[in-house]
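Each remark here refers to the structure printed beneath this line.
2 protein chains.
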Amino acid sequence: MKPLASFSYSKDFTDKGLAKFGDSLLNFVFSLALSEYLGKPTGERVPNSSLALAIEMAGLRKLAPPRSDKHARGDVAEAILAYAWLEGVITIEEAVQIIRENLTEDVTHFTRKKEAIGKALAVLYREIGKRMGV
Amino acid sequence: MKPLASFSYSKDFTDKGLAKFGDSLLNFVFSLALSEYLGKPTGERVPNSSLALAIEMAGLRKLAPPRSDKHARGDVAEAILAYAWLEGVITIEEAVQIIRENLTEDVTHFTRKKEAIGKALAVLYREIGKRMGV
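See below:
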């Protein structure tokens with residue numbers, strides 16, 4: 017799917033609108049990846065702690081304001097994904113594939129789930145960071 | 017974007033997994049349509065009452081169990097969209113376009129918002145129902 021950017025946006029990863037749009041994109045991409053991984057349709061929201069872990073591991077922590085909390089870092093991660101998709105840096109298909117290939121069975125584990133999601137998303141964010149040159 | 021149905025599902029609109037996946041798809045499609053309508057990125061979750069109104073107006077109320085409440089009808093509506101997309105009955109681009117073209121400025125109104133969303137979604141569900149022959 018090509019980006020449908022018939023609206024304006026800027027490269028501001030603290031933009032609340034970009035984070036809100038990114039939230040819907042991220043949850044769709046993750047739900048699709050999880051459905052493919054489990055072999056049946058399902059949907060799940062990505063926890064902020066997983067997002068914070070993902071951008072930390074991907075070396076993109078620097079894109080979030082200093083001393084920002086887990087929630088603020090989650091918003092930044094959502095804005096980054098939104099921006100990358102709108103710019104054509106990454107497609108939905110690619111994002112789904114990267115997440116699916118990096119999920120482990122811990123994703124169904126009550127306490128280890130958040131970390132498993134974070135680690136799979138870290139691979140996606142590392143790729144996005146590389147492609148954006150940040 | 018072509019459906020990526022590398023998982024199995026059945027035509028059961030009361031399936032909870034299909035509804036959960038449909039929830040993520042619907043909120044993404046709606047957020048993209050709303051962003052295009054408003055001209056800037058944003059994201060919003062579709063209220064159950066809007067979904068209940070949409071399937072009522074589209075003549076698809078019969079696909080929900082009798083005496084089901086607003087929440088259960090919302091789940092059925094989400095499952096219908098998931099199924100339609102997975103089957104290739106409708107693409108994300110088409111769904112976004114139909115919603116965007118049928119939104120009105122009431123969507124930014126505090127009390128009239130839910131009805132405005134429901135009316136725009138009704139057009140989408142009418143099209144889906146027509147294409148699925150239900």
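Line order of the protein sequences matches chains A and B.
For what it's worth, the working numbering labels the leading residue of the first sequence as 17, then goes sequentially.
For what it's worth, the working numbering labels the leading residue of the second sequence as 17, then goes sequentially.
Glycine residues also receive a C-beta, built at the ideal position from the N, C-alpha and C atoms.
By the 16-neighbour rule on beta-carbons within 10 angstroms, Glu52 of chain B is buried. Not one beta carbon of chain A lies nearer than 9 Å to the beta carbon of Tyr141 of chain B. In this structure, the alpha-carbon of Ser26 of chain A lies about 47 Å from that of Arg83 of chain B. Secondary structure at Gly33 of chain B: helix, using DSSP grouped into helix, strand and coil.
For the 9 Å CB-CB criterion, Arg142 of chain B and Gly75 of chain B form a contact. In summary, the residues of the region 53-86 of chain A whose CB is separated from some CB of chain B by less than 9 Å are Tyr53, Leu54, Gly55, Lys56, Pro57, Thr58, Gly59, Glu60, Arg61, in the order they occur in the chain. Arg61 of chain A carries a coil assignment under DSSP once its states are collapsed to helix, strand and coil.
One finds Phe44, Ser47, Leu48, Gly59 in chain B with Cβ atoms closer than 9 Å to the Cβ of Leu41 of chain A, taken in chain order.
Between the region 51-68 of chain B and the region 55-63 of chain A there are fewer than three C-beta pairs closer than 8 Å, too few to call the two in contact. By the CB criterion at 9 Å, Phe44 of chain B and Ser40 of chain A fall inside the cutoff. The three-state secondary structure of Asp91 of chain A, taken from DSSP, is helix. When only Cα atoms are considered, Thr127 of chain A and Asp122 of chain B end up about 43 Å apart. Nearest CB-CB separation between Lys130 of chain A and chain B: not below the 9 Å threshold. Annotation for Ala111 of chain B: Val45, Leu140 place their beta carbon closer than 7 Å to its own, counting only its chain and skipping 5 residues before and after. Restricting attention to A:Ile114, A:Ala98, A:Tyr99, A:Gly149, the CA atom closest to the CA of Ala138 of chain A is found in A:Ile114. In the assembly as shown, Lys130 of chain B is a buried residue. Its beta-carbon has 16 or more other beta-carbons within 10 Å.
Under the Cβ distance rule, Asp91 of chain A does not count among the residues neighbouring chain B, no pair being separated by less than 9 Å. For the 9 Å CB-CB criterion, Gly134 of chain A and Met73 of chain A form a contact.
When only Cα atoms are considered, Asp85 of chain A and Phe29 of chain A end up about 15 Å apart. Spatial neighbours of Arg89 of chain B in its own chain (CB-CB distance under 6 Å, excluding positions within 5 residues in sequence) are listed in chain order as Ala68, Ala80. For Phe23 of chain B, the chain A residues whose C-beta falls within less than 8 Å of its own C-beta are Ser51, Glu52, Leu54, Gly55, Lys56, Pro57, listed in chain order.
Around the C-beta of Ser66 of chain A, 16 or more other C-beta atoms lie within 10 Å, and the residue is accordingly described as buried.
Distances from the alpha-carbon of Ala98 of chain B to those of B:Glu109, B:Lys78, B:Phe37, B:Leu119 put B:Phe37 closest.
If you ignore the 5 residues before and after Thr120 of chain A, its C-beta comes within less than 7 Å of the C-beta of Ala132, all in its own chain and listed in chain order.
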